[in-house]
Every structure is written in structure tokens, then in C-alpha cells.
Ligand code: HSE
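Residue numbers (this note's numbering): 131 to 559.
Listed below in C-alpha cells is the structure:
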């Protein structure tokens with residue numbers, strides 16, 4: 131056993147960072163035994179040095195993260211600051227000074243993952259980021275390492291806990307979106323500004339990272355189609371229930387049937403109650419991976435929070451420390467397939483469309499003709515009429531998203547169609 135400790139710089143000491151520091155201290159002996167060398171918290175870079183940080187030696191605290199990385203004795207930096215800057219510059223500085231990095235930063239990895247991987251590789255260092263996607267759930271390393279010999283064709287996941295909590299409340303209580311959001315805010319699940327979660331930006335960043343890993347190609351944040359869940363209504367849930375479904379905000383990454391391209395998207399969708407993802411309640415995350423040889427795998431657990439996220443960070447820390455002792459590095463970016471990312475129009479799925487129409491002869495035929503003219507085949511139609519008006523619910527067979535968009539555009543132009551109340555994709559069948 132080596133006695134000289136591996137020295138760690140902790141960049142950021144908020145909810146996750148303080149848990150990382152606590153576990154490093156309380157589990158020091160176990161970490162030493164598992165790594166084969168002691169691991170020492172050698173410095174903690176923070177923005178507000180006056181804040182009391184229980185269990186952290188005040189002598190370790192600094193506001194100068196760059197100086198901490200440049201001082202010459204740091205082996206590994208843990209970046210738990212989040213956001214693009216100063217995290218990006220600090221990670222780059224770490225690599226320039228021979229320091230491997232563990233990061234929990236999904237936004238940065240989704241935006242600049244390729245450049246950061248290249249910098250790590252150039253300097254012969256590690257970049258690990260298990261905590262960036264789905265908190266405590268082991269997902270990045272199982273996909274990068276355990277499934278490295280298989281071929282992943284599809285990944286479908288609930289990767290945002292806040293929105294899952296809101297949708298679960300709407301489903302179980304019949305509440306509307308705003309009421310469920312208010313409850314999520316009161317319980318501390320939703321932030322004061324919930325935009326990143328409810329508009330799907332957080333899930334889209336995670337989708338970009340997972341798609342790159344799953345398909346060994348580069349998927350940029352801009353390549354991910356994104357729709358938030360703020361428009362999902364109590365009546366959408368009522369429709370979903372009638373179909374034996376619930377509604378989830380899903381990240382869906384798919385290899386095209388011909389294997390020549392991939393798609394990455396985030397949007398609310400109906401899924402059957404029999405699908406494993408339908409039973410993911412409250413703020414939990416779960417990711418369903420379909421691989422050619424392995425078949426269907428499901429990864430489930432807490433996707434956020436200080437302690438669960440710190441668990442993922444610590445797992446990476448142990449792996450990077452082991453690599454360091456072996457004078458090796460773990461897997462870097464794998465983007466050799468260079469598959470193009472198709473647009474949403476090429477995605478093929480099923481749709482549930484609610485229309486408000488005039489209740490008079492020929493309307494149903496007119497609507498059906500419009501679907502047929504755009505090559506979209508209808509599976510079921512349900513009509514409920516009242517006082518000369520009717521609500522029409524059409525569920526389609528699988529069709530390209532572009533064909534469905536064309537259908538809806540044409541439906542909106544029909545005099546007999548008063549409005550398109552909702553369009554929801556149907557997944558997981
Ligand atoms: N805000 C995220 C969520 C956690 O609700 O899942 C961090 O990615």
C-alpha cells in the first residue's frame with residue numbers, strides 16, 4: 131500500500147460538494163483500502179469563504195480555485211460548481227497541470243464534452259462524470275464500460291426528478307400543472323425558477339451526453355429535440371388513463387432501423403402502465419436501455435440530491451485514483467461511428483391527438499381523409515358529442531413526425547375543426 135496520499139482539490143462546496151467532503155472524511159479508511167493509497171482532501175475552492183462548513187478544516191478553504199490547481203501537489207480535481215464558467219476554465223487549467231477531473235456538470239459536458247475529452251486525452255488524464263446524468267444511478271460507466279462489447283439501439287429514460295414529481299402528482303391526484311408545480315416548489319423539489327427542469331433543458335443536456343455514449347458518436351445539445359411539459363393538462367392525464375397509459379417526460383435516444391443515423395429527443399409522452407418506466411414515482415429517475423445482446427436493462431434510483439450525487443462522484447474518484455496508481459487512464463470519448471443525428475421530422479412513433487370539431491355529417495370522414503392524405507394511418511377514433519360540438523380523439527399507428535406535423539397543420543385549416551386541443555406522442559409499446 132502506498133502511503134503518500136493522492137491529493138484532491140474540491141471545486142465547489144454546495145449541496146453536493148459538502149457531501150463529497152463529508153464522505154471523504156467519514157469513509158477515509160474504506161476509501162484508502164479500496165484505492166490502495168490514502169486520499170486526502172487538500173483544498174476546497176468556494177465563492178463564499180465566510181459560510182460555516184461543518185467537518186471541513188477552515189485552513190483548506192480558498193476562494194482562488196486557479197491557484198489551488200496550480201500549486202503543484204494536486205492529483206485529482208472534483209468539479210461540483212456547475213454551469214459553464216468558471217467550471218470550463220478550471221477543468222482546462224486542471225488538465226494543463228496534470229490533474230485528472232471528476233465532474234458532475236451536465237451542462238458543460240453536454241456543451242463542451244468533445245473539447246474537454248480531447249484536452250484530457252492530450253494530457254494523458256481522466257475525465258469522469260457519472261454524477262452528470264441521473265445522480266446516484268450508475269449509468270455512464272455501465273454504458274461506457276459494462277456494455278462496451280454490446281450494441282445499444284435505444285435508450286428511454288426519466289432523467290429529471292422535478293418533472294417526474296410534478297407529473298406523478300398530476301397523475302395520482304388529478305391536479306393541474308400549476309398546482310403540482312407549487313407543491314414541488316414547497317417541498318424543495320422545484321427551484322424558484324423551474325425553467326431548466328420544466329422546459330426540458332436539464333433532460334436535454336443529459337440526453338446529449340447519454341446519446342454520445344450509447345451510439346459512440348457526437349451528439350451536441352443543439353441536436354436534441356426538446357419540448358417541455360408545461361402544457362400537459364389534467365385532461366391529457368384523463369385521456370392517458372382511458373388508454374391504460376400515464377404521461378412521463380422522456381429522453382429518447384434511438385438508432386435508426388438502418389443503423390445509419392440516430393435521433394435524440396426530450397418531450398412528454400404517454401406510456402402504457404405496463405411499461406417499467408410507468409411505475410417510476412415521485413422524484414426518482416430511471417433509464418431503460420435496449421442493447422442487442424443484453425436485451426432490456428433498467429437503471430433506477432435517486433437522480434438528484436447532495437448525498438446520492440456525491441455517491442456517484444466518490445465512485446468516480448475511486449476509479450480515477452486507481453487509474454492514477456496504475457499509471458493508466460480509463461476510457462475517453464468514443465465517437466468513432468460518426469453517425470449523423472436526424473431531425474425530429476424523421477422520428478417514427480405513434481400519436482394521440484385530441485380535436486374539437488363540429489358534430490355534423492362528414493366531419494369524421496374529412497378528418498380521416500386528412501390523416502390518409504399525409505400517410506398517417508389511424509389506429510382508433512373516439513368521439514364524444516355535445517350541443518353540436520364534439521371532441522374527437524385519434525390514436526395513430528406509427529408514422530414519421532413530419533407526416534404528423536403536416537396532418538395537424540392541415541387539420542387546423544379545416545372549417546369543421548375548431549381546435550387541436552392536444553398532441554401527445556405514445557411511446558414504449
Ligand atoms: N434538477 C434536476 C432534477 C437534478 O430535477 O432531476 C439535477 O440534474
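Every residue, glycine too, gets a C-beta built ideally from N, C-alpha and C.
Asked: What three-state label does DSSP hand residue 412 in the structure shown?; Found: coil
Asked: Looking at residue 315 and ligand 1, is the gap between the Cβ and the nearest heavy atom below 8 Å?; Found: no
Asked: Go ahead and label residue 204 buried or exposed: buried means 16 or more other beta carbons lie within 10 angstroms of its beta carbon, across all protein chains shown.; Found: buried
Asked: Going by DSSP in three states, residue 235 sits in which element: helix, strand or coil?; Found: coil
Asked: Determine the extent of the beta strand (DSSP E) in which residue 513 is found, giving its start and end residues.; Found: 508-516
Asked: Report whether the distance from the Cβ of residue 283 to the nearest heavy atom of ligand 1 is below 8 Å.; Found: no
Asked: Starting from residue 440 and walking both ways along the alpha helix (DSSP H), at which residues does that stretch end?; Found: 436-455
Asked: Span of the alpha helix (DSSP H) holding residue 372?; Found: 364-372
Asked: Any heavy atom of ligand 1 closer than 8 Å to the Cβ of residue 415?; Found: yes
Asked: For a test of your reading of the model: does the CB of residue 321 fall under 8 Å from any non-hydrogen atom of ligand 3? Yes or no.; Found: Absence of ligand 3 is noted for the structure shown, with ligand 1 being the only ligands found.
Asked: DSSP three-state call for residue 351: helix, strand or coil?; Found: helix
Asked: So what's residue 479 in DSSP terms, helix, strand or just coil?; Found: strand
Asked: Given that a residue counts as buried once 16 or more other Cβ atoms are within 10 Å of its Cβ, and exposed if not, what is residue 317?; Found: exposed
Asked: With a threshold of 8 Å, establish whether the CB of residue 434 neighbours any heavy atom of ligand 1.; Found: yes
Asked: Along the chain, where does the alpha helix (DSSP H) that runs through residue 226 open and close?; Found: 217-226
Asked: Give me, in chain order, the residues of the same chain whose beta-carbon lies closer than 6 Å to that of residue 484; leave out the 5 immediate sequence neighbours on both sides.; Found: 523, 551, 552
Asked: Could you spell out where the beta strand (DSSP E) holding residue 329 opens and where it closes?; Found: Neither: residue 329 is in no beta strand (DSSP E) and is coded neither H nor E.
Asked: For residue 369 and residue 181, I'd like the C-alpha separation in whole angstroms.; Found: 50 Å
Asked: With a cut-off of 8 Å on the beta carbons, I'd call residue 489 and residue 529 a contact; round off their distance for me.; Found: Contact doesn't hold; Cβ gap of about 26 Å is too wide.
Asked: Among the candidates 175, 408, 328, 423, whose CA atom is the shortest distance from the CA of residue 598?; Found: Examination of residue 598 is not possible in this model, given that the chain is present from 131 through 559 alone.
Asked: What does a CB cutoff of less than 7 Å around residue 464 pick up in its chain, not counting 5 residues either side in sequence?; Found: 346
Asked: Nearer than 8 Å: is that true of the beta carbon of residue 325 relative to any heavy atom of ligand 1?; Found: no
Asked: Return the Cβ separation of residue 213 and residue 435 in integer angstroms, given the expectation that the two are a contact with Cβ distance under 8 Å.; Found: Between residue 435 and residue 213 the Cβ distance is about 19 Å, and since that is not below 8 Å, they are no contact.
Asked: Please report the residue range of the beta strand (DSSP E) in which residue 283 lies.; Found: 282-288
Asked: Identify whether residue 484 lies in helix, strand or coil by the three-state DSSP scheme.; Found: strand
Asked: Sorry if obvious, but does the Cβ on residue 543 come closer than 8 Å to a heavy atom of ligand 1?; Found: no
Asked: Measure from the alpha carbon of residue 468 to the alpha carbon of each residue in 341, 167, 295, 241, then state which is nearest.; Found: 341
Asked: Going by DSSP, which residues form a beta bridge with residue 378?; Found: 399
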